[in-house]
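*Asks:*
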Amino acid sequence: MDLLGRGYRTREIARALNISERAITAHITKLMAIFGVPNRTGLIAAGMTSSSQARLATPDERELDRYEDAPFLVAVTIGPEHVFRFVNKMWERVMRLRSAKVVGRTVREVFPDASPVTYAARQRAFRQGRPTTGNAWHFSWTTAAGTSREADFLYIYQPLRNPAGEVEGLLLIASEKPQKK
Numbered sequence: 024m025d026l027l028g029r030g031y032r033t034r035e036i037a038r039a040l041n042i043s044e045r046a047i048t049a050h051i052t053k054l055m056a057i058f059g060v061p062n063r064t065g066l067i068a069a070g071m072t073s074s075s076q077a078r079l080a081t082p083d084e085r086e087l088d089r090y091e092d093a094p095f096l097v098a099v100t101i102g103p104e105h106v107f108r109f110v111n112k113m114w115e116r117v118m119r120l121r122s123a124k125v126v127g128r129t130v131r132e133v134f135p136d137a138s139p140v141t142y143a144a145r146q147r148a149f150r151q152g153r154p155t156t157g158n159a160w161h162f163s164w165t166t167a168a169g170t171s172r173e174a175d176f177l178y179i180y181q182p183l184r185n186p187a188g189e190v191e192g193l194l195l196i197a198s199e200k201p202q203k204k
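Counting in my numbering, the sequence shown runs from 24 upward without gaps.
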């Protein structure tokens with residue numbers, strides 16, 4: 024889970040653990056079933072927010088710092104107004120917005136012309152306390168190395184709970200949709 028959360032691909036995880044790619048694929052498939060998520064994006068979100076009580080708790084600052092340089096988008100919003108609390112560097116590059124301009128503002132303030140469908144998915148995840156997934160995002164951006172990239176993204180809005188078990192925010196994880204071979 025740690026290697027997956029750091030953005031390693033199946034082949035890289037297999038190499039790092041010295042086991043076959045087929046075994047890694049089987050483990051990832053089993054973990055997706057255990058966490059009840061449809062894809063790697065959901066598994067990363069579940070791994071980031073799982074606790075010893077197997078509930079999805081709001082990560083603290085130290086936990087979020089681990090994902091500052093992750094090769095996928097990470098954002099945390101708090102409350103029914105979806106106030107940004109954290110965005111990572113990949114989110115900044117793809118969205119072309121600096122965290123200093125985003126943190127403390129609502130999603131509606133930052134993205135006044137955002138898709139109503141995407142905002143409804145966010146609202147549904149918050150109100151119902153269940154993850155919402157999709158693959159409706161297409162972006163072009165400049166990588167950290169300065170090259171241009173373009174990709175479709177899978178995303179998940181994962182509800183985050185306070186110690187009383189109430190939904191207090193959402194974790195967004197978005198990762199590039201795998202290219203068909």
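All C-beta atoms, glycine included, are put in the ideal place defined by N, C-alpha and C.
Glu104 to Val130, Cα distance in whole Å?
*Replies:* 7 Å
*Asks:* Could you give the residue range of the beta strand (DSSP E) that holds Val106?
*Replies:* Val106 to Val110
*Asks:* Grab me the residues of Thr100's own chain with a C-beta within less than 7 Å of its C-beta, minus the 5 sequence neighbours each way, in chain order.
*Replies:* Val106, Phe107, Arg108, Val130, Gly192 and Leu193
*Asks:* When the Cα atoms are used, what is the spatial distance from Ile67 to Thr165?
*Replies:* 23 Å
*Asks:* Let me know the secondary structure DSSP gives Gly28 once reduced to three states.
*Replies:* helix
*Asks:* Under DSSP, the beta strand (DSSP E) around Asp175 begins and ends at which residues?
*Replies:* Unbroken beta strand (DSSP E) run through Asp175: Ser171 to Arg184.
*Asks:* Judging by CA-CA distance, which residue of Ala37, Phe134, Trp160 and Leu27 is the nearest neighbour of Arg89?
*Replies:* Leu27
*Asks:* Buried or exposed for Ser198, please, with buried defined as at least 16 other CB atoms from any protein chain shown within 10 angstroms of its CB.
*Replies:* With at least 16 other beta carbons inside 10 angstroms of its own, Ser198 counts as buried.
*Asks:* Under three-state DSSP, which class holds Glu120?
*Replies:* Here residue 120 turns out to be Leu, not Glu, going by the sequence shown. Note: Leu120 maps to coil in three-state DSSP.
*Asks:* Expressed to the nearest angstrom, what Euclidean distance is found between the alpha-carbon atoms of Arg78 and Phe58?
*Replies:* Residue confidence for Arg78 is low, a pLDDT of 41 falling below 50, so the modelled location carries little weight and cannot support an answer.
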